[in-house]
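The sequence shown: position 112 = 130 (this note's numbering), numbered continuously.
Written below as structure tokens is the structure these notes are about.
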Amino acid sequence: MTMVAEPPVSTFRRIDHFDAADAETRPGRQLELIRAAAEGFRTWFAGTGMPDWVGTFDLSTLPYPTRFGLFRAALSPSPFLTLTHRLMVVRWHEPDGRPRTLLFEPTDVELAKRTPYFARLSDRTPDMLERLLAQPRGDVPSHVRRIGLSLSDIDWITFDHLHTQDVRRWIGTTEPAADLSPRAPVEPLLPNAKLIVQRAELESLQNLHPLQLPWYQPHAYTDLRPDAVFAIEGSVLLGTGVALLSTPGHTLGNHTLVLNTETGIWASSENVIATECLTPESSRIPGVARWTRDWGQEIVLNANTIEDTARQYNSCVLEKSIVDRSRVDPRFVQFMPSSELTRSALSLGTSPTFTHSGIFHGVLTPRA
Ligand SMILES: [Zn+2]
19 MTMVAEPPVS TFRRIDHFDA ADAETRPGRQ LELIRAAAEG FRTWFAGTGM PDWVGTFDLS
79 TLPYPTRFGL FRAALSPSPF LTLTHRLMVV RWHEPDGRPR TLLFEPTDVE LAKRTPYFAR
139 LSDRTPDMLE RLLAQPRGDV PSHVRRIGLS LSDIDWITFD HLHTQDVRRW IGTTEPAADL
199 SPRAPVEPLL PNAKLIVQRA ELESLQNLHP LQLPWYQPHA YTDLRPDAVF AIEGSVLLGT
259 GVALLSTPGH TLGNHTLVLN TETGIWASSE NVIATECLTP ESSRIPGVAR WTRDWGQEIV
319 LNANTIEDTA RQYNSCVLEK SIVDRSRVDP RFVQFMPSSE LTRSALSLGT SPTFTHSGIF
379 HGVLTPRA
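Given below as structure tokens:
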């Protein structure tokens, strides 16, 4: 595959606070190193400043197996719980005043449905039930335009990882695509946007393991415009109070969006599906507090792919250790799941104790 652009190294500042932890292969020792490094990162990161604006927008609600989302902890008899998947828009400016806009989790909901796992689920689920369970809540271009930005204002897009994602319509291809544009390359809807992705995540796509296969759409990455793909390795500072921290485990190239805001530090990823999964002692979801107590575990993983379970656990502890407590309810932390557990009449015993519904910060100033 020819798809990886060589990133100009000076673009983003490397974050090295967790380098010792990343290099450690023994999971128990790695956990200690993560805890030891968290406070130093917090202090440094808060000192980098804040973005100008952060907004969050619903993209879809979807059914998701309870045994994945709440791993082994929930007692619910419902096979599926409900998640709300959301887009986050982050604006900051460079030292020279140029505005920068990042879309985090700009999922092309229509194309994501072709992910083998969801396609199979959809084949087995009667139409009516599927319509009840899976509902679109607005698409990426409409959300961007509604807040007064144009599609050409988007500089960067990124996802916590590439499960389900197909970005061909956002950043375009170099070859025709039989399903989208049979005669000419796919024209990018976000003409100036580059996909920021961990090199490890791109490399995974080239030789998927059976545990990974149900969740990826590798065909969507073979002909991406190479100058629209920006591979990074590890943790980087994107702008003032905006970082991507390497958090492997759920996938090899997983990363977490970290934001410094007027309410303190937030993190967002898919490593857990509800903030209470990071403080399960405060969860009222039947089974969750009890299970974590019985097993001496402090978090409940989102476990659809258990690619590297101990590493994912450690990444969740990293997320929990660097964020601030919620000002709305201090039993919970400022972790925003990119797909957040949502109350549903169809899913007994999985109602969240507390939801964030988004990260909102600052004042949006569209183009001058
Ligand atoms: Zn995933």
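A virtual CB, placed ideally from N, CA and C, is assigned to each residue, including glycine.
Three-state secondary structure assigned by DSSP to residue i
i: Phe36; result: coil
i: Arg109; result: strand
i: Asn278; result: strand
i: Arg302; result: coil
i: Phe30; result: coil
i: Ala261; result: strand
i: Thr383; result: coil
i: Ile250; result: strand
i: Ser375; result: coil
i: Thr269; result: coil
i: Leu49; result: helix
i: Gly73; result: strand
i: Arg104; result: strand
i: Thr20; result: In this predicted model, Thr20 has a pLDDT of only 43, less than 50, meaning its place in the structure is not dependable enough to derive any value.
i: Pro83; result: strand
i: Phe59; result: helix
i: Ala54; result: helix
i: Ala41; result: helix
i: Ala91; result: coil
i: Pro25; result: The predicted model places Pro25 with a pLDDT of 46, which falls under 50 and marks its position as unreliable, so this point remains unresolved.
i: Ala292; result: coil
Residue i Cβ short of 8 angstroms to ligand 1 heavy atom set
i: Glu358; result: no
i: Trp233; result: yes
i: Thr323; result: yes
i: His161; result: no
i: Thr327; result: no
i: Thr182; result: yes
i: Glu288; result: yes
i: Asn210; result: no
i: His179; result: yes
i: His268; result: yes
i: Asn320; result: yes
CB-CB length for residue i against residue j, believed under 8 angstroms
i: Leu296; j: Glu337; result: 7 angstroms
i: Thr281; j: Arg345; result: 5 angstroms
i: Met106; j: Phe89; result: Actually they do not touch by this definition, with Cβ atoms about 25 angstroms apart.
i: Val388; j: Val335; result: Beyond the ends of the chain as shown, which are 19 and 386, falls residue 388; an answer cannot be given.
i: Gln216; j: Glu193; result: The Cβ separation is near 24 angstroms, so there is no contact.
i: Arg44; j: Leu255; result: Between Leu255 and Arg44 the Cβ distance is about 28 angstroms, and since that is not below 8 angstroms, they are no contact.
i: Ile165; j: Ala211; result: Ile165 to Ala211, Cβ: 16 angstroms. No contact.
i: Asp76; j: Arg116; result: Not really, about 30 angstroms apart at Cβ, beyond 8 angstroms.
i: Gly271; j: Ala218; result: 4 angstroms
i: His379; j: Val72; result: 4 angstroms
i: Thr176; j: Leu263; result: Actually they do not touch by this definition, with Cβ atoms about 12 angstroms apart.
i: Asn289; j: Ser333; result: 6 angstroms
i: Ser287; j: Ser222; result: Incorrect: roughly 17 angstroms between the Cβ atoms, too far for contact.
i: Leu213; j: Val185; result: 6 angstroms
i: Phe63; j: Ile283; result: 7 angstroms
i: Ser78; j: Val127; result: 5 angstroms
i: Ser170; j: Pro124; result: Not quite, the Cβ-Cβ distance comes to about 15 angstroms (not below 8 angstroms), so this is no contact.
Please give me, in chain order, every unbroken run of the alpha helix (DSSP H) with length at least 4 that falls completely inside the region 117 to 189. 127 to 130, 134 to 142, 145 to 151, 158 to 164 and 186 to 189
Could I get the ranges of all uninterrupted alpha helix (DSSP H) runs contained in the region 183 to 242, with 4 residues as the minimum, in chain order? 186 to 189 and 217 to 224
What alpha helix (DSSP H) runs, 4 residues minimum, are completely inside the region 305 to 376? 306 to 313 and 327 to 340
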